[in-house]
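Working notes for the structure below.
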Amino acid sequence: PPRHPPATTTRPPRTASPTKTHQHLPHTTANGRARAAALDPRHRPDMAPASTVEFLSHGRGLIVGEESGALYAAQQLDDDLVATVCVPGNSRPTSGTVGDLRIVRGGQPQLSGSLGNFRLSFPAAGDGSDPDAIAALGEARFDLVLDLNDSPLLPQEVPPPGYYAPGRDAYALEDAIAELPDMRGEFEKPKYFNFDPDICAHGRRGVRGCTRCLDVCPSLAITSIGDAVQVDANLCQGFGSCASVCPTGAITYAFPGTTDLLAYLRTVAVNYREHGGADPVFVFYDSSSAGALAGELAGAMSENALPVELEEVGSVGMDTWFACFAYGARRVLLLAGPDTPESVVGALERDVDVTARILEGMGYAGGAVALLSAGADETIAAAVSSDEAIDTGRPATFAPPPEKRLLLRTAINHLLEEAPGRKKVIPLPAGAPFGQIRVDKSACTMCMSCVAVCPTAALREGQGLPQLNFSEWSCIQCGLCKTACPEDAIRTEPRFVYDDKVRSEPRLLHEEQPLCCISCGKPFATTSALKAMMKKLAGNWMFQSEAERRRLEMCDICRVKDMMRAQGGDGSGSE
Numbered sequence: 004p005p006r007h008p009p010a011t012t013t014r015p016p017r018t019a020s021p022t023k024t025h026q027h028l029p030h031t032t033a034n035g036r037a038r039a040a041a042l043d044p045r046h047r048p049d050m051a052p053a054s055t056v057e058f059l060s061h062g063r064g065l066i067v068g069e070e071s072g073a074l075y076a077a078q079q080l081d082d083d084l085v086a087t088v089c090v091p092g093n094s095r096p097t098s099g100t101v102g103d104l105r106i107v108r109g110g111q112p113q114l115s116g117s118l119g120n121f122r123l124s125f126p127a128a129g130d131g132s133d134p135d136a137i138a139a140l141g142e143a144r145f146d147l148v149l150d151l152n153d154s155p156l157l158p159q160e161v162p163p164p165g166y167y168a169p170g171r172d173a174y175a176l177e178d179a180i181a182e183l184p185d186m187r188g189e190f191e192k193p194k195y196f197n198f199d200p201d202i203c204a205h206g207r208r209g210v211r212g213c214t215r216c217l218d219v220c221p222s223l224a225i226t227s228i229g230d231a232v233q234v235d236a237n238l239c240q241g242f243g244s245c246a247s248v249c250p251t252g253a254i255t256y257a258f259p260g261t262t263d264l265l266a267y268l269r270t271v272a273v274n275y276r277e278h279g280g281a282d283p284v285f286v287f288y289d290s291s292s293a294g295a296l297a298g299e300l301a302g303a304m305s306e307n308a309l310p311v312e313l314e315e316v317g318s319v320g321m322d323t324w325f326a327c328f329a330y331g332a333r334r335v336l337l338l339a340g341p342d343t344p345e346s347v348v349g350a351l352e353r354d355v356d357v358t359a360r361i362l363e364g365m366g367y368a369g370g371a372v373a374l375l376s377a378g379a380d381e382t383i384a385a386a387v388s389s390d391e392a393i394d395t396g397r398p399a400t401f402a403p404p405p406e407k408r409l410l411l412r413t414a415i416n417h418l419l420e421e422a423p424g425r426k427k428v429i430p431l432p433a434g435a436p437f438g439q440i441r442v443d444k445s446a447c448t449m450c451m452s453c454v455a456v457c458p459t460a461a462l463r464e465g466q467g468l469p470q471l472n473f474s475e476w477s478c479i480q481c482g483l484c485k486t487a488c489p490e491d492a493i494r495t496e497p498r499f500v501y502d503d504k505v506r507s508e509p510r511l512l513h514e515e516q517p518l519c520c521i522s523c524g525k526p527f528a529t530t531s532a533l534k535a536m537m538k539k540l541a542g543n544w545m546f547q548s549e550a551e552r553r554r555l556e557m558c559d560i561c562r563v564k565d566m567m568r569a570q571g572g573d574g575s576g577s578e
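Throughout, our numbering is defined as the position within the sequence shown, counted from one, plus 3.
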């Protein structure tokens with residue numbers, strides 16, 4: 004099926020290998036000859052997807068829109084397509100026929116699903132779907148949808164396969180009607196992602212945290228399911244922005260995987276240097292931007308440009324860019340095409356900004372990483388030759404580790420070793436996956452709610468002591484600790500610290516002397532926790548007498564014993 008059709012039409016899936024360039028690459032200079040050796044097809048890894056997603060379409064079509072236009076469209080369809088017409092309205096849905104066509108008039112339909120499994124429902128006065136409307140419709144599931152409404156039923160920036168929304172565009176409607184017959188049969192597409200819920204920072208213990216993947220998915224394939232997220236493989240169309248913004252690596256791109264891609268990029272960089280090439284510039288692009296790149300590669304562009312074709316340009320993020328610089332890249336350019344969704348462009352712009360700030364804090368040119376738009380005034384050739392570039396001196400040779408944070412740390416530390424200068428710390432914009440937290444010691448009661456929800460163990464208790472310890476490199480600024488704190492004592496602070504020791508070693512944020520049980524002497528809480536508890540229970544009928552209030556200063560075992568003695572027992576029995 005189409006990978007990510009625009010709202011008015013659809014197209015067959017792309018079949019280009021994610022690291023294969025079809026561009027004509029001249030080799031008239033030493034750099035050009037080194038590039039030819041570096042991009043030798045024999046170096047390319049196998050990019051077959053780990054698994055595929057299958058679709059089955061029988062040609063059951065649904066046409067939604069104003070009655071005369073919907074009936075006209077139905078009459079134009081191929082005879083082998085079975086169409087049902089739905090005409091939304093304010094009245095209760097009723098079923099009927101017009102010739103051989105089924106038609107449902109009235110109601111405010113809702114649509115979900117994708118190719119081969121679209122579901123139509125009519126919300127009733129309460130929750131759920133109107134049973135009479137479904138009964139009238141007879142079959143509420145469809146393979147294909149032609150949506151003629153001015154406001155499409157599906158809100159996604161990129162609609163799912165099998166969904167066409169030409170609106171009032173007559174040419175787009177004609178194209179859709181011509182293409183619908185080809186959307187019958189069995190189809191498959193790659194499963195573009197892998198997901199590890201164990202390291203997802205979306206939530207813990209009912210507290211909501213990171214939503215970065217939800218915020219950038221143009222196909223709305225990601226939904227919240229409590230403490231984790233769920234990715235609908237049928238809706239996912241492989242834009243990759245979810246993987247590039249995921250701070251923990253819970254979602255990773257699988258076509259190709261980051262480790263495979265970086266292994267290839269390292270091989271390209273090494274071979275380019277070994278064959279006499281200098282000042283390599285990686286240019287990442289996809290089929291949407293290939294046309295804009297082709298002409299300049301053929302003649303106008305410096306031959307130190309190393310084009311790398313991806314399935315989607317949004318599938319690479321900060322970890323890949325920093326690794327490329329560590330491997331010796333002079334610049335890293337990302338070329339967005341006309342079909343790159345705005346949400347993906349926005350995610351890339353934010354990550355480019357964070358990367359540039361971190362580079363500048365090391366004394367490098369922040370503009371060494373740049374997002375270009377195909378057809379913009381600045382040519383790609385000019386960007387390749389720009390002085391906004393990096394010279395690391397000694398390229399790295401490390402094998403790319405599979406963990407995202409470890410890859411970032413390894414690449415950044417290498418760049419720091421070669422940096423012309425460095426600051427101690429820089430502030431970063433909100434949403435950056437690096438930073439610290441600040442604790443208001445006067446408000447913190449050492450309840451450890453923050454430790455309980457921290458998904459990366461950036462916050463830890465003091466091994467039996469009332470201490471709150473923090474490791475900054477592990478903090479992804481998800482905000483779970485801030486939300487979970489009952490005393491509103493925590494603030495997040497996006498920033499980047501350049502001293503790896505400061506970044507990585509645990510530091511003490513807050514501690515208190517333990518409060519000991521007034522009966523047995525065992526430490527069981529802190530003074531601030533006891534004060535907060537007494538304040539909250541001041542009006543509680545169970546703690547009005549002096550004896551009842553004193554029990555708050557006892558550990559749980561002694562508290563029970565004291566209650567038993569007060570009720571007439573001797574308190575000496577086993578618990």
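For glycine and all other residues, C-beta sits at the position ideal for the given N, C-alpha and C.
Beta-carbon spacing of residue i, residue j below 7 Å
i: S388; j: S305; result: yes
i: R334; j: A385; result: no
i: A143; j: L123; result: yes
i: K192; j: S54; result: no
i: G364; j: K444; result: no
i: Y174; j: R269; result: no
i: L518; j: L471; result: no
i: G378; j: A295; result: yes
i: C561; j: C520; result: yes
i: A253; j: I202; result: yes
i: R215; j: V248; result: yes
i: V357; j: A435; result: yes
i: C213; j: A224; result: no
i: Q159; j: S71; result: no
i: Y167; j: A179; result: yes
i: L156; j: G68; result: no
i: M449; j: T529; result: yes
i: P250; j: I493; result: no
Same chain, Cβ closer than 6 Å to residue i, five either side skipped, listed in chain order
i: G99; result: I106
i: N120; result: none
i: D354; result: G320 and M321
i: P163; result: S117 and L238
i: S548; result: none
i: G396; result: E421
Residues near residue i by beta carbon distance below 7 Å, same chain, minus five either side
i: S477; result: T459, A460 and A461
i: R187; result: S60, H61 and G62
i: A246; result: F196, I254, T255, Y256 and S318
i: L374; result: L337, A339, L351, E352 and V355
i: S577; result: Unreliable positioning characterises S577 in this predicted model, as indicated by a pLDDT of 41, which lies under 50. The coordinate reading is nonetheless provided below. So no residue of the chain qualifies.
i: L410; result: D322, A326, P403 and P404
i: M557; result: C520, I521, S522 and D565
i: A77; result: I66, A86, V88 and L104
Close-in-space but distant-in-sequence residues of the same chain around residue i (CB under 8 Å, 5 per side omitted)
i: N307; result: N34, R38, G280, A281, D282, P283, V284, R333 and V387
i: R208; result: D230, A455, V456 and A487
Given residue i as reference, the closest of the options once Cα atoms are compared
i: D185; options: D146, C203 and F196; result: D146
i: V442; options: L418, H61, A455 and E490; result: E490
i: A532; options: A446, D559 and C457; result: A446
i: D502; options: T448, K525 and I415; result: I415
i: C327; options: D342, P341, E464 and V311; result: V311
i: A433; options: V563, R463 and P497; result: P497
i: S227; options: P221, R211 and D390; result: R211
i: F287; options: T529, V148 and V316; result: V316
i: E381; options: Q439, S94, S507 and E299; result: E299
i: G206; options: R36, Y166, E514 and C484; result: C484
i: A487; options: P405, R506, R463 and C453; result: C453
i: D559; options: P526, M537, K539 and G571; result: P526
i: P91; options: Q78, T32 and S154; result: S154
One or two residues paired with residue i in a DSSP bridge
i: T255; result: N197
i: D150; result: V67
i: C519; result: P526
i: Y501; result: Per DSSP, none; premise fails for Y501.
i: C580; result: Nothing about residue 580 can be reported from this structure: the residues present for the chain run from 4 to 578 only.
i: Y167; result: L149
i: Q466; result: Note: Q466 sits in no beta bridge, so no partner.
i: V286; result: P310 and L336
i: I493; result: V442
Under 8 Å: do the stretch 272 to 283 and the stretch 230 to 241 share three or more Cβ pairs, one atom per stretch? no
Three Cβ pairs or more, each shorter than 8 Å: is that satisfied between the stretch 424 to 438 and the stretch 364 to 373? Flag = yes, the stretch 424 to 438 and the stretch 364 to 373 touch.
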